[in-house]
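J.: Sharing a structure, written as structure tokens. Questions coming.
The structure is reproduced here in structure tokens:
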């Protein structure tokens, strides 16, 4: 079963802008690289991720599980996720690398058909369940994996029909299970606002630095009070609250996966006062950093 925190993890994360090719509702990527690098993020599109070769930890919504070769997950629109390889992948061993297939398809994929045709009810229910992320265990997922691999030689109509076959098979997989807890809440900002998207991307890249409200306001050509009002109107939180959530989630990942001291982690995440780090962490997650670390190091 997945590990979970006692409260939903902070949701201040990177928004990925997915560009679907040529008006098509489907994008397929064949990934070959030394290790997973994309940070904790979300996007509007649905996503299927099939791991051919790799292993490590998978973070989806508020779940944390190990993944290995043959791992298969369906993610709903705006579900936050992050794959992290084991430390061995960062030592330069050429035998260790990532080989994976990522399928992304639009959030309104066949909406009208699924709303009106009972033959598609099972796929509609599957995509509704995907709002928490769904895992399809190996070896039961082998036939789905074969369909996914066949996409390499398909495009256009054949690719579209194969995606329907994949979703049909997923909907009829009795061993699948949802990843996020029922209480997990998705409260993502409205990233369709281009100015907000630029602000969030800037914060995503710089939140471990000493960011201040005047600095952020100047960066985006606004005075501090106007910037603060605009940001809170769009995200329902102040810029500093948002930045602190980013820092606390990064701290969560470090506490889960490193042996650094609490002080080292606090400073690395951008807190220059460890008492402040401890206080904000406990406010957001209902436990101290040391209590949180024990939960993940000694499950």
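In my numbering, the protein residues as written are 998 to 1296.
Don't be surprised by glycine CBs; every beta carbon is placed ideally from N, CA and C.
What are the uninterrupted segments assigned as alpha helix (DSSP H) that are 4 or more residues long and contained completely in the segment 1118-1202, given in chain order?
T.: 1118-1126, 1139-1147 and 1153-1168
J.: Run through the segment 1235-1285 for me and flag every whole beta strand (DSSP E) of 3 or more residues, listed as ranges in chain order.
T.: none
J.: Please say whether residue 1141 and residue 1023 have beta carbons closer to each other than 8 Å?
T.: no
J.: Three or more C-beta pairs closer than 8 Å, one from the segment 1086-1102 and one from the segment 1253-1264: is that the case here?
T.: no
J.: Under the rule that 16 or more other beta-carbon atoms within 10 Å means buried, what is residue 1027, buried or exposed?
T.: exposed
J.: Based on DSSP bridge pairs, tell me the residues matched to residue 1064.
T.: 1053
J.: For residue 1078, which residues in the same chain have their Cβ closer than 6 Å to its Cβ, ignoring the five residues on either side in sequence?
T.: 1057 and 1072
J.: Can we say the segment 1162-1179 touches the segment 1197-1216, given the rule of at least three CB pairs closer than 8 Å?
T.: Segment contact: the segment 1162-1179 against the segment 1197-1216, fewer than three CB-CB distances shorter than 8 Å; contact not assigned.
J.: Residue 1156 to residue 1068, Cα distance in whole Å?
T.: Residue 1156 and residue 1068 have their alpha carbons spaced roughly 21 Å apart.
J.: If the criterion is Cβ atoms closer than 8 Å, does the pair residue 1248 and residue 1271 meet it?
T.: no
J.: Assign residue 1299 to one of three DSSP states: helix, strand, or coil.
T.: Since the first residue of the chain shown is 998 and the last is 1296, residue 1299 is not available in this structure.
J.: Whose C-beta lies closer than 8 Å to the C-beta of residue 1166 among residues of the same chain, with five residues either side of it excluded?
T.: 1140, 1141 and 1144
J.: Taking all protein chains shown into account, do 16 or more other C-beta atoms lie within 10 angstroms of the C-beta of residue 1290, making it buried, or fewer, making it exposed?
T.: buried
J.: Please tell me whether residue 1225 and residue 1236 are closer than 8 Å, where the distance is taken between their beta carbons.
T.: yes
J.: Residue 1195 to residue 1229, Cα distance in whole Å?
T.: Approximately 15 Å between the Cα atoms of the pair.
J.: DSSP three-state call for residue 1097: helix, strand or coil?
T.: strand
J.: Is it buried or exposed, residue 1250, if we count other Cβ atoms within 10 angstroms and call 16 or more buried?
T.: buried
J.: List the residues that DSSP assigns as beta-bridge partners of residue 1297.
T.: This structure cannot speak to residue 1297, because the chain is shown only from 998 to 1296.
J.: My guess is that residue 1032 and residue 1082 are in contact by the Cβ rule of under 8 Å, so how many angstroms apart are they, rounded?
T.: 4 Å
J.: Expressed to the nearest angstrom, what Euclidean distance is found between the alpha-carbon atoms of residue 1286 and residue 1252?
T.: 8 Å
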